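S.K.:
Residue numbers (our numbering), protein chains in the order written: chain D, 1 to 119; chain V, 1 to 182.
#1: Give me, in chain order, the residues of the same chain whose beta-carbon lies closer than 7 Å to that of residue 21 of chain V; leave out the 5 immediate sequence neighbours on both sides.
#2: Are at least three pairs of beta-carbons, each pair with one atom in the region 5-15 of chain D and one in the region 11-29 of chain V, less than 8 Å apart?
#3: If you measure from the beta carbon of residue 85 of chain V to each beta carbon in chain D, is any gap under 8 Å?
#4: Let's see if you can read the secondary structure: which residues bound the alpha helix (DSSP H) around residue 158 of chain V?
#5: Answer yes or no: does any C-beta atom of chain D fall closer than 8 Å to that of residue 11 of chain V?
#6: Take the Cβ of residue 58 of chain D as the centre, count every other Cβ of all protein chains shown within 10 Å, and call the residue buried at 16 or more, exposed below.
#7: So what does DSSP say about residue 127 of chain V, is it helix, strand or coil?
#8: What does residue 6 of chain D reach in chain V if we use C-beta pairs closer than 9 Å?
#9: Could you give the first and the last residue of the continuous alpha helix (DSSP H) run that contains residue 141 of chain V?
#10: Can you check whether the CB of residue 74 of chain V is closer than 8 Å to the CB of residue 152 of chain V?
#11: Would you tell me roughly how many angstroms separate the C-alpha atoms of residue 81 of chain V and residue 120 of chain V, rounded to the nearest one?
#12: By how many angstroms is the C-alpha of residue 15 of chain V removed from the C-alpha of residue 137 of chain V?
#13: Find the residues of chain D that neighbour residue 136 of chain V, judging by a C-beta separation of less than 8 Å, and give them in chain order.
#14: Is any beta-carbon of chain V found at less than 8 Å from that of residue 19 of chain D?
#15: If we cut at 8 Å on Cβ distances, does residue 22 of chain D have a partner in chain V?
#16: Would you check if the distance between the CB atom of residue 163 of chain V and the CB atom of residue 141 of chain V is smaller than 8 Å?
#17: Tell me the rounded alpha-carbon separation between residue 31 of chain D and residue 43 of chain V.
#18: For chain D, check one thing: does any of its Cβ atoms lie closer than 8 Å to the Cβ of residue 47 of chain V?
Okay, structure coming up:
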């Protein structure tokens, strides 16, 4: 066997395909399945809640600009994962506050991405 | 005057997207993993790739004119990975999670030596210029042919063939030099 063929075989072994974790497959599938309705409803509900606090008045505007169901779903997905990873104990109210904070954080990041792409 | 084609039923599109997703989840994940070097970021990149793909699926289908959509998916992952490095000012981690190469039990010295060689290859891949590394990942991890790689990278078939050849030769040299150094 020539050296280069042998090297290509090694390369094939070194770069073997990687199976995704099972929970990733489930998560993406669920998100995609729920994408349109879920994202729009929840984003709207977060916007209304946040308007009660003047400190948040600028943020819903950012969420609206981001728009689009995939953008909203991405916000949801990341925020939920972040909350899960953090795994902090607390009251339901604290959890809601944290989730809201995560959503706004992600919304701002997405908005920045969008604006950068448009520039 | 040209009129745009009629919109297709959403349920039909969703079903086709779901099929695309199931067929290529492993490809996108493998590509992401070899680009970023760890499972955590590879998961994020994979998720974002499919969400982006979902947004633009109908147009991609229309423009692909029946050609496979894998190169388009990988191109999305490629662009997202580029943003990932630009945003966070970081490069791929040189030490890919050891799980890939080192997961098999090592009973004999020969197996251990073989594993060292694979490890050197993995490390060498990260010393390659971006386009060469990409081309090798697409070829060897995903089994893409020249034409698919050309579409994913936005190059001609001829330029892709040359790119792959040079990438393999350069990597071979890097690995040889590492071997000699140890």
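Even glycine gets a Cβ: it sits at the ideal position worked out from N, Cα and C. These figures come from a predicted structure and were not determined experimentally.
M.R.: On the basis of the coordinates in this document:
#1: Looking up residue 21 of chain V in the second chain gives position 21. For residue 21 of chain V, where only same-chain residues beyond five positions count, the Cβ hits under 7 Å are 50.
#2: no
#3: The sequence position of residue 85 of chain V within the second chain is 85, counting from 1. So, not an interface residue.
#4: Numbered from its first residue, the second chain carries residue 158 of chain V at position 158. Residue 158 of chain V -> alpha helix (DSSP H) spans 157-181.
#5: Looking up residue 11 of chain V in the second chain gives position 11. No, no contact with chain D.
#6: The residue labelled residue 58 of chain D in the question sits at position 58 within the first chain. Its pLDDT being 42, under 50, residue 58 of chain D is placed unreliably in this model, and the value from its coordinates should be taken loosely. Counting Cβ neighbours within 10 Å, residue 58 of chain D comes out exposed, since fewer than 16 surround it.
#7: Here residue 127 of chain V refers to the residue found at position 127 when the second chain is read from its first residue. Residue state, collapsed to three classes: coil.
#8: For this step, residue 6 of chain D is matched to residue 6 along the first chain. Per Cβ cutoff of 9 Å: no residues; residue 6 of chain D is ~10 Å from chain V at best.
#9: To locate residue 141 of chain V, count along the second chain from 1; it is residue 141. Looking at the DSSP string, residue 141 of chain V is not in any alpha helix (DSSP H), and its letter there is neither H nor E.
#10: By one-based count along the second chain, residue 152 of chain V stands at place 152. By one-based count along the second chain, residue 74 of chain V stands at place 74. With respect to residue 74 of chain V, residue 152 of chain V sits close: the two C-beta atoms are nearer than 8 Å.
#11: Residue numbering aside, residue 81 of chain V sits at position 81 when the second chain is read from its first letter. Residue numbering aside, residue 120 of chain V sits at position 120 when the second chain is read from its first letter. Near 23 Å, if we compare the C-alpha coordinates of residue 120 of chain V and residue 81 of chain V.
#12: Residue numbering aside, residue 137 of chain V sits at position 137 when the second chain is read from its first letter. Residue numbering aside, residue 15 of chain V sits at position 15 when the second chain is read from its first letter. C-alpha separation (whole angstroms): 29 Å.
#13: Numbered from 1 along the second chain, position 136 holds the residue referred to as residue 136 of chain V. Chain D residues near residue 136 of chain V: 11 and 15.
#14: Against the first chain, residue 19 of chain D aligns to sequence position 19. So yes, residue 19 of chain D belongs to the interface.
#15: The count along the first chain starts at 1 and reaches residue 22 of chain D at position 22. Chain V, which has no Cβ nearer than 8 Å to the Cβ of residue 22 of chain D, makes this no.
#16: What you label residue 163 of chain V is simply residue 163 of the second chain in a count that begins at 1. What you label residue 141 of chain V is simply residue 141 of the second chain in a count that begins at 1. No, they are not a contact pair.
#17: As a position in the first chain, residue 31 of chain D is number 31, starting the count at 1. As a position in the second chain, residue 43 of chain V is number 43, starting the count at 1. So the two alpha carbons sit approximately 14 Å from each other.
#18: Counting from 1 along the second chain, the entry for residue 47 of chain V is found at position 47. With respect to chain D, the C-beta atom of residue 47 of chain V has a partner C-beta closer than 8 Å.
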